[in-house]
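Working notes, structure below.
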Amino acid sequence: MKKLPAIEELKEGGVLLIDKPYKWTSFYAISKVRKMIRAKIGHAGTLDPLATGLLICCTGKFTKKISEYQRLPKEYTGIIHLGATTPTYDLESEPQDFKSYEHLTEDEIQLATKQFTGEIQQIPPIHSAIKKDGKRAYELARMGAEIVLNARTVTISEFEITKIELPEIHFRVLCSTGTYIRSLANDFGEALGCGGYLQELRRTQIGDFKVEDAFEPQQWKAYWFPSEQKESSDMTE
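Residue -2 is where the sequence shown starts when you use the numbering used here, and the numbers rise one by one after that.
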C-alpha cells in the first residue's frame, strides 16, 4: 500500500488526493476528511455530483497553493450519449428531444472532434455555479428565469474517441481549467445533428496528479483509524 501522510503532517500543511465517489458533492467529500484531520482544508476544482475522480485537496499552509493547482490542465474520461438532450447536459435531468443517430458513421463521429480541439469558444451550462446578476446560474434556472451566459475561451488539447457503441461514445479529453465537459457533450451532439448529453464522467488527472494515486474518503479513514474499522467490523460479525 502507498505511504500516506500522517494527520499531524497534514495539519501543518500538505496535499491530499481524493477519489470523489459518485453522487457526492465535492464539498461533502472534503468535509468528511476535514472531520477526520480537524484541520483547514480546501479543494482545487469542483466536480459535479454525478462525476467521479480526482480532487486535489490542500491542508494547512498548503491552502495557499489552491489557485496554483486550479490552473493546471485536466484530463477526463467519460461517455457521451447521442440521440437526445437534457436541460442540464447530463443525467441530473431527464432526456428529451429524441432524434435518430443510427445513420452516423465512425468517420463522421471522429471528424466532429476536430471542431472542438484547440482554442474554442464555449458557453457554460445554465445549470452551473457561474454567477449571473449576483446569483448562481443554476438557482436562476431552477426558478425558471431566462438566462443567457456569455461564451468564453477554453482550450481542448486532446479530444479522443476511445470506443463507439452507439448511442454511447466513449472519450478522453485533455483541457484547460474552466472547460465544461457537459457543454462539450451537448455541443458535440448538436454538431452531429442528433443531440447528446453527458452520461458518465471521471476526472483522471490534474497536471501531474493522477487518480490512481488517490483514495476515497472511507479509505483514508481505514488508514488513519484502523482500530475503529476493526471495532466496526467486529460489531457486524
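A virtual CB, placed ideally from N, CA and C, is assigned to each residue, including glycine.
Bridge partners - residue i, DSSP secondary structure assignment
{"i": "Ala41", "result": "None; Ala41 has no bridge partner."}
{"i": "Tyr194", "result": "His78"}
{"i": "Ala48", "result": "Leu198"}
{"i": "Glu116", "result": "Thr152"}
{"i": "Glu72", "result": "Leu171 and Gln202"}
{"i": "Gly11", "result": "Thr56"}
{"i": "Lys17", "result": "Gly50"}
{"i": "Gln93", "result": "Thr82"}
Range of the contiguous beta strand (DSSP E) that encloses residue i
{"i": "Asp104", "result": "Unbroken run through Asp104 is the alpha helix (DSSP H), Glu103 to Ala109; no beta strand (DSSP E)."}
{"i": "Ser154", "result": "Arg149 to Glu162"}
{"i": "Leu171", "result": "Glu165 to Cys172"}
Rounded distance between the beta-carbons of residue j and residue i, thought under 8 Å
{"i": "Thr83", "j": "Pro92", "result": "5 Å"}
{"i": "Ile76", "j": "Glu165", "result": "5 Å"}
{"i": "Ala109", "j": "Leu189", "result": "6 Å"}
{"i": "Thr150", "j": "Glu116", "result": "6 Å"}
Proximal residues to residue i (C-beta, below 8 Å), its chain only, five neighbours per side dropped
{"i": "Trp217", "result": "Leu1, Leu13, Ile15, Val30 and Met33"}
{"i": "Lys96", "result": "Gly80, Ala81, Gly190, Cys191 and Gly192"}
{"i": "Phe222", "result": "Met33"}
Span of the alpha helix (DSSP H), counted from its first residue to its last, around residue i
{"i": "Val30", "result": "Ser23 to Ile34"}
{"i": "Ser64", "result": "Ile63 to Gln67"}
{"i": "Pro84", "result": "Note, Pro84: premise wrong, no alpha helix (DSSP H); not H, not E."}
{"i": "Ala188", "result": "Ile178 to Ala188"}
{"i": "Pro214", "result": "Pro214 to Trp221"}
Same chain, Cβ closer than 6 Å to residue i, neighbours up to 5 away in sequence not counted
{"i": "Ser154", "result": "Leu171"}
{"i": "Thr74", "result": "Arg169, Arg199 and Thr201"}
{"i": "Arg68", "result": "Thr174"}
{"i": "Gly284", "result": "Since the first and last residues shown for the chain are -2 and 234, residue 284 lies out of range."}
{"i": "Gly186", "result": "Leu79, Gly192 and Gly193"}
{"i": "Glu72", "result": "Leu171, Thr201 and Gln202"}
{"i": "Phe156", "result": "Thr110, Phe113, Thr114 and Val170"}
{"i": "Ser90", "result": "Thr83 and Pro84"}
{"i": "Arg179", "result": "Tyr86, Asp87, Pro122 and Leu195"}
{"i": "Lys58", "result": "Gly10"}
{"i": "Gly204", "result": "Leu69"}
{"i": "Ile20", "result": "Per the sequence shown, residue 20 should be read as Lys rather than Ile. Result list for Lys20: Pro46, in chain order."}
Same chain, Cβ closer than 7 Å to residue i, neighbours up to 5 away in sequence not counted
{"i": "Ala182", "result": "Ile77, Tyr86, Gly193, Tyr194 and Leu195"}
{"i": "Lys17", "result": "Ser23, Ala26, Leu44, Thr49, Gly50 and Leu52"}
{"i": "Ser230", "result": "Residue placement at Ser230 is poorly supported in this model, since its pLDDT is 43, which falls under 50; the coordinates still yield a value, given next. Within the same chain, Ser230 has no close Cβ partners at all."}
{"i": "Asp94", "result": "Ala81, Thr82 and Gly192"}
{"i": "Pro214", "result": "Ile15, Ala26, Lys29 and Val30"}
Within-7 Å CB hit, residue i to chain D
{"i": "Glu5", "result": "Of the protein chains in the structure, only one exists, and it is not chain D."}
**Message:** Quick check: the stretch 61 to 70 against the stretch 43 to 50, are at least 3 beta-carbon pairs closer than 8 Å?
**Reply:** no
**Message:** Does the stretch 160 to 170 come into contact with the stretch 3 to 13, if we say contact requires no fewer than three beta-carbon pairs (one atom in each stretch) closer than 8 Å?
**Reply:** no
**Prompt:** Quick check: the stretch 203 to 213 against the stretch 106 to 121, are there 3 or more CB pairs under 8 Å?
**Reply:** no
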